[in-house]
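Numbering (full-length UniProt numbering), first residue to last: 1 to 257.
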């Protein structure tokens, strides 16, 4: 179920070979990498994950926002100024339209329990500095990042990077994710095909049941803040708290994108 892209001529028909300077695109050999424009990190993350320039576009994500909250003056799922800033509900709904699901990964589990063969990719939600020109502003911001396997090698496709960051092979990405999840401020979503989500085939049950790790003595309640538990406002099935996009953090219990 996982589409493979190659770094050599063995499957060139699936590779990008032409340059495109629109919407902050950078071509690195055959790796597609959209770079940051405005607050469009959710859009860049989706396109980088699918390795396609028009896998998604702003119009579709705006349409999803409207479908999630059709009768409101100020849509809670995106920026009031139309700059992007899409929240996790938009990302989950967008993936669902393509037959994929985003599953929130419980930090108490060791990434060793991930069945990488059945996983399409990963999305990280991380803290991000906010600048106005060259001036750093004291605002708490968040950022979406795509990670995926391209021909057996994992890359961090962060739209703020000048080029994709090499992570390595399976053992390397497991170690990388483990390191990322040591931070209280980072969250991981596992992206899988809907069939894999239904069968729970993204995890190795025999390993997951025996690899629960303690992170700063946090309880399940700390990992699932009351304000972030998915409910009626989360239209797509998944195991994730509510996370917003590039917005300022109002409280420590509310995550942005």
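C-beta atoms are modelled at their ideal positions from N, C-alpha and C, and glycine is treated no differently.
Just so you know, these numbers come straight off a predicted model, no measurement behind them.
query = residue 99: which of 187, 195, 63 and 160 sits nearest, CA to CA?
reply = 195
Pair within 8 Å by beta-carbon distance, residue 126 and residue 142 = yes
Buried versus exposed, by CB contacts within 10 Å (16 or more), residue 59 = exposed
Proximity of residue 61 and residue 148 at Cβ, strictly below 8 Å = no
message = Quick check: what's the CA-CA separation for residue 35 versus residue 44?
response = 7 Å
message = Please return the same chain residues whose Cβ sits closer than 7 Å to the Cβ of residue 204, not counting the five positions on each side in sequence.
response = 113 and 115
task = Report yes or no: do the stretch 116-123 and the stretch 177-193 share at least 3 C-beta pairs separated by less than 8 Å?
result = yes
inquiry  = Given this structure, state the Cα-to-Cα distance separating residue 150 from residue 86, to the nearest angstrom.
reply    = 26 Å
inquiry  = Restricting to Cα atoms, I'd like to know which of 53, 46 and 66 is closest to residue 102.
reply    = 46
inquiry  = Counting C-beta neighbours from all protein chains within 10 Å, is the total for residue 33 16 or more, i.e. buried, or is it exposed?
reply    = buried
ask   = Taking the Cβ atom as the reference point for each residue, do residue 186 and residue 124 lie within a distance shorter than 8 Å?
value = yes
C-alpha gap between residue 152 and residue 51, whole angstroms = 15 Å
task = Please report the residue range of the alpha helix (DSSP H) in which residue 88 lies.
result = 88-97
request  = Label residue 174 either buried or exposed according to how many other C-beta atoms from any shown protein chain fall within 10 Å of its C-beta, with 16 as the threshold for buried.
outcome  = buried
query = Thinking C-alpha only, which one of 55, 54, 97 and 38 is nearest residue 67?
reply = 97
ask   = What number of angstroms, rounded off, separates the C-alpha of residue 200 from the C-alpha of residue 163?
value = 33 Å
message = What does the Cβ neighbour count give for residue 180, buried or exposed, with the cut at 16 atoms within 10 Å?
response = buried
request  = Would you tell me roughly how many angstroms separate the C-alpha atoms of residue 92 and residue 197, rounded to the nearest one?
outcome  = 13 Å
Length of the line joining the Cα atoms of residue 160 and residue 71 = 34 Å
request  = Could you check how far apart the C-beta atoms of residue 189 and residue 105 are, in whole angstroms? I think they sit under 8 Å.
outcome  = 7 Å
query = How long is the line joining the alpha carbons of residue 202 and residue 167, rounded to whole angstroms?
reply = 20 Å
Cβ distance (whole Å) where residue 155 is taken to contact residue 165 below 8 Å = 6 Å
ask   = Is it right to say residue 158 is buried, meaning 16 or more other beta carbons lie within 10 angstroms of its own, or is it exposed?
value = buried
query = Expressed to the nearest angstrom, what Euclidean distance is found between the alpha-carbon atoms of residue 171 and residue 145?
reply = 20 Å
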